[in-house]
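Okay, so here's the structure we're looking at.
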Amino acid sequence: MATRYDCVVVGSGHAGSCAAFSAAEAGCKKVLLVDVCPPEWVGGNGYFTAGGFRTVHGGLKDLLPIVNDVSAKQAEIIDMTAYTRDDFLGDIMRLGGGKPDAVLAGAVVDASRDTIAWLAGSVGIPFAFSFHRQAYVVEGRQKFWGGMVLCTDDGGKGLIAAHQRALARAKVDVWFNCPALEITMQNGVVSGLVVEKNGERMHLPTRAVVLAAGGFEASPRLREKYLGTGWERAIAHHITNKSILSSFTAQLKVEKQVTGSSSPPRLARVSELLLLYQGYIPTSRRTGDWAGCHSTCWDADAPTQGDRHLTNQYTKSGYPLGIMVNSAGKRFVDEGEDHRNYTYAKFGRAILLQPGGYAFQVWDSKVIGMLRKEEYADDVVKRIFADSVEELAEKLAEKGLHAKDEFVQTINEFNLAVKAYKAEVPDASWNPAVKDGLTTQSSAKQLALPKSNWALTIDQAPFMAVKVACGVTFTFGGISIEPETAGVISAKTGKVIPGLFCTGEMVGLFHGNYPGGSGLTAGAVFGRRAGREAAKLMA
Numbered sequence: 003m004a005t006r007y008d009c010v011v012v013g014s015g016h017a018g019s020c021a022a023f024s025a026a027e028a029g030c031k032k033v034l035l036v037d038v039c040p041p042e043w044v045g046g047n048g049y050f051t052a053g054g055f056r057t058v059h060g061g062l063k064d065l066l067p068i069v070n071d072v073s074a075k076q077a078e079i080i081d082m083t084a085y086t087r088d089d090f091l092g093d094i095m096r097l098g099g100g101k102p103d104a105v106l107a108g109a110v111v112d113a114s115r116d117t118i119a120w121l122a123g124s125v126g127i128p129f130a131f132s133f134h135r136q137a138y139v140v141e142g143r144q145k146f147w148g149g150m151v152l153c154t155d156d157g158g159k160g161l162i163a164a165h166q167r168a169l170a171r172a173k174v175d176v177w178f179n180c181p182a183l184e185i186t187m188q189n190g191v192v193s194g195l196v197v198e199k200n201g202e203r204m205h206l207p208t209r210a211v212v213l214a215a216g217g218f219e220a221s222p223r224l225r226e227k228y229l230g231t232g233w234e235r236a237i238a239h240h241i242t243n244k245s246i247l248s249s250f251t252a253q254l255k256v257e258k259q260v261t262g263s264s265s266p267p268r269l270a271r272v273s274e275l276l277l278l279y280q281g282y283i284p285t286s287r288r289t290g291d292w293a294g295c296h297s298t299c300w301d302a303d304a305p306t307q308g309d310r311h312l313t314n315q316y317t318k319s320g321y322p323l324g325i326m327v328n329s330a331g332k333r334f335v336d337e338g339e340d341h342r343n344y345t346y347a348k349f350g351r352a353i354l355l356q357p358g359g360y361a362f363q364v365w366d367s368k369v370i371g372m373l374r375k376e377e378y379a380d381d382v383v384k385r386i387f388a389d390s391v392e393e394l395a396e397k398l399a400e401k402g403l404h405a406k407d408e409f410v411q412t413i414n415e416f417n418l419a420v421k422a423y424k425a426e427v428p429d430a431s432w433n434p435a436v437k438d439g440l441t442t443q444s445s446a447k448q449l450a451l452p453k454s455n456w457a458l459t460i461d462q463a464p465f466m467a468v469k470v471a472c473g474v475t476f477t478f479g480g481i482s483i484e485p486e487t488a489g490v491i492s493a494k495t496g497k498v499i500p501g502l503f504c505t506g507e508m509v510g511l512f513h514g515n516y517p518g519g520s521g522l523t524a525g526a527v528f529g530r531r532a533g534r535e536a537a538k539l540m541a
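When you line the sequence shown up against the working numbering, it's residues 3 to 541, in that order.
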């Protein structure tokens with residue numbers, strides 16, 4: 003007879019790890035975490051992140067006690083503005099076009115600071131200030147921008163390593179190569195989980211199941227189905243051929259069994275099985291943005307399905323310092339619309355919609371040295387240098403630029419517009435740590451597509467460009483939950499399904515775009531709550 007567990011968590015990523023640890027901390031004596039991946043692929047999307055966390059905070063003094071990378075002397079030259087509840091909730095709602103569930107988003111915001119303290123203290127997550135990603139040195143001072151200031155030591159790798167240590171301390175059992183196949187119910191209440199272990203189906207009796215298995219971004223077929231035509235070409239950051247072959251086999255068996263298809267098995271994440279196929283959770287309510295996802299500027303030469311060593315270093319987030327042009331030599335976004343962590347999750351979509359689905363980021367020598375080495379070093383990306391704009395156009399033609407003359411004209415027109423604004427507002431100064439208003443729009447000259455902030459001429463050799471494509475990180479469509487408990491809501495009754503919880507990217511929280519760092523925070527908030535609620539079912 004299979005061991006009875008007090009709580010079983012599906013998914014070994016950040017959110018699932020939070021749920022499993024929380025359940026054990028709250029009193030569950032036997033907690034099991036299962037994942038379809040092999041042990042060397044532990045961590046899900048969390049492993050591939052930069053480990054950024056967004057939280058409400060009161061400024062530098064509030065957060066200094068939880069970080070480990072700042073000396074007293076360093077603290078004296080840091081400028082960090084407080085980030086309030088209104089700021090955080092306002093960012094989620096603003097970037098989501100007013101569509102996110104304000105109650106659900108508010109639950110994340112209100113619990114964010116306490117959850118960060120829990121992660122740092124109880125779980126043992128090592129936090130640091132994100133100097134390289136979220137601050138610029140301006141007049142000798144480190145100035146943080148964009149609301150998010152925290153990250154984890156060694157990014158996602160450090161985050162998942164810390165979770166693994168915490169789960170071991172809490173004596174949580176972890177089974178890899180173990181897909182979840184079916185949730186069993188008795189009288190409308192969760193009674194167990196069917197998994198496949200060592201090739202055999204096994205029923206695990208339990209009163210609590212927490213779903214934390216991520217979205218459907220790994221499947222080109224599902225991206226095309228829900229996000230639209232062309233999304234099958236996007237680069238999934240976190241899946242490799244090895245993990246596809248080893249991790250999805252059992253779930254593909256389930257898909258074939260349920261659909262009755264005689265065609266070859268195709269990729270499916272557990273979330274599709276949970277949400278789309280009758281018999282798994284037939285009454286779960288969908289929510290979130292099923293046509294939306296986190297899509298970013300990604301190295302066009304990166305492996306098509308991820309790299310566990312470089313992880314998110316293939317991100318190319320330096321576009322606010324320069325411009326982006328498509329294969330027709332035209333700009334297509336306002337690179338200075340907002341701080342990077344408010345635009346990076348949507349500009350990947352903009353790139354995908356360009357001819358060929360790629361673009362070029364371009365800078366001159368004034369800012370090349372400010373680009374993050376983690377993303378733009380020679381051993382990470384193919385950098386293309388030239389001593390003139392015309393020479394750069396020639397070199398980019400070998401990489402897919404189809405309109406050299408238009409490319410040169412675009413840069414010349416851009417430079418004229420920047421100079422016109424500077425002539426009109428001579429006191430305007432460039433400051434990458436704030437939205438400085440240094441723009442291409444003046445009474446003398448205006449571009450059809452402005453650059454609203456950080457507009458500098460591109461006229462000092464050497465010039466540099468890199469080719470970028472669309473990378474997809476996670477999808478926004480998911481399951482509806484009750485915010486205070488993370489309990490899954492039934493579409494049939496509108497009430498929580500007893501014993502069933504959900505957290506992480508399976509929760510439909512965001513729409514269209516989102517403020518960077520809020521995903522990991524949300525996963526921790528709802529994972530912690532799911533674990534606590536699971537423990538209550540032991541009574």
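Beta carbons are placed, not taken as given, at the ideal position from N, Cα and C, and that holds for glycine.
Going by Cα to Cα distance, which pick from Phe528, Asp88, Leu418, Ala130 is closest to Gln76?
Ala130
Ile1 - partner residues in DSSP beta bridges
Past the edges of the chain, shown from 3 to 541, lies residue 1, and the structure says nothing about it.
Given Tyr321 as reference, the closest of Thr298, Asp103, Gly402 once Cα atoms are compared:
Thr298
Secondary structure of Leu312, DSSP reduced to three states:
coil
Between which two residues does the beta strand (DSSP E) holding Ala163 run?
Careful: Ala163 lies outside any beta strand (DSSP E), inside the alpha helix (DSSP H) at 157-171.
Excluding five sequence neighbours on each side, which residues of the same chain lie with their C-beta closer than 8 Å to the C-beta of Glu396?
Ala388, Lys406
For Val191, count the other beta carbons within 10 Å of its own beta carbon; 16 or more makes it buried, fewer makes it exposed. Which is it?
exposed
Let's see if you can read the secondary structure: which residues bound the alpha helix (DSSP H) around Arg115?
104-120
Alpha helix (DSSP H) runs contained entirely in the region 359-419, provided each spans 4 or more residues
375-378, 391-399
DSSP state of Thr298 mapped onto helix, strand, coil
strand
By DSSP, does Lys469 sit in helix, in strand, or in coil?
strand
For Ser248, which residues from the same chain have a beta carbon less than 6 Å from its beta carbon, with the 5 sequence-adjacent residues on both sides left out?
Confidence at Ser248 is low in this model, with a pLDDT of 30, below 50, so its placement is unreliable and no value can be given for it.
Evaluate the contact criterion for the region 452-466 versus the region 204-223: three or more CB pairs, one atom per stretch, below 8 Å.
no
Cβ atoms of Ala21 and Val10: under 8 Å apart, would you say?
no
Rounded to whole angstroms, what's the CA-CA distance from Lys332 to His134? Just pull it up for me.
30 Å
Write down the C-beta distance between Arg87 and Asp112 rounded to the nearest angstrom, noting that I regard them as a contact closer than 8 Å.
7 Å
Provide the residue span of the beta strand (DSSP E) that contains Arg6, from first to last.
Here Arg6 belongs to no beta strand (DSSP E), and DSSP marks it neither H nor E.
Could you pull out every unbroken alpha helix (DSSP H) segment of at least 4 residues lying fully inside the region 172-227, listed in chain order?
none
I'd like the span of the alpha helix (DSSP H) that includes Thr57, first residue to last.
No alpha helix (DSSP H) contains Thr57, which DSSP labels as neither H nor E.
Val369 to Phe465 span [Cα, whole Å]:
10 Å
Alpha carbon of Asn70 to alpha carbon of Glu184, nearest angstrom:
43 Å
DSSP on Phe334, reduced to helix/strand/coil?
coil
My parser needs the alpha helix (DSSP H) runs of 4 or more residues fully inside the region 28-99; what are they?
62-65, 74-77, 87-97
Can you tell me which of the three DSSP states Lys145 falls into?
strand
Consult DSSP for Asn343 and reduce its assignment to one of helix, strand or coil.
helix
Using the Cβ count rule (16 or more neighbours within 10 Å means buried), how would you classify Ile162?
buried
Rounded to whole angstroms, what is the Cα-Cα separation between Val449 and His404?
It should be pointed out that residue 449 corresponds to Leu in this sequence rather than to Val. Answer to the nearest angstrom: the Cα atoms are 22 Å apart.
Rounded to a whole number of angstroms, what is the C-alpha to C-alpha distance between Arg306 and Ile237?
Sequence inspection shows Thr at residue 306; the Arg mentioned does not correspond to that position. If I take the Cα positions, the gap works out to 5 Å.
Who pairs with Cys20 in a beta bridge, going by DSSP?
None, per the DSSP bridge assignment.
Could you tell me the boundaries of the alpha helix (DSSP H) in which Leu522 lies?
520-538
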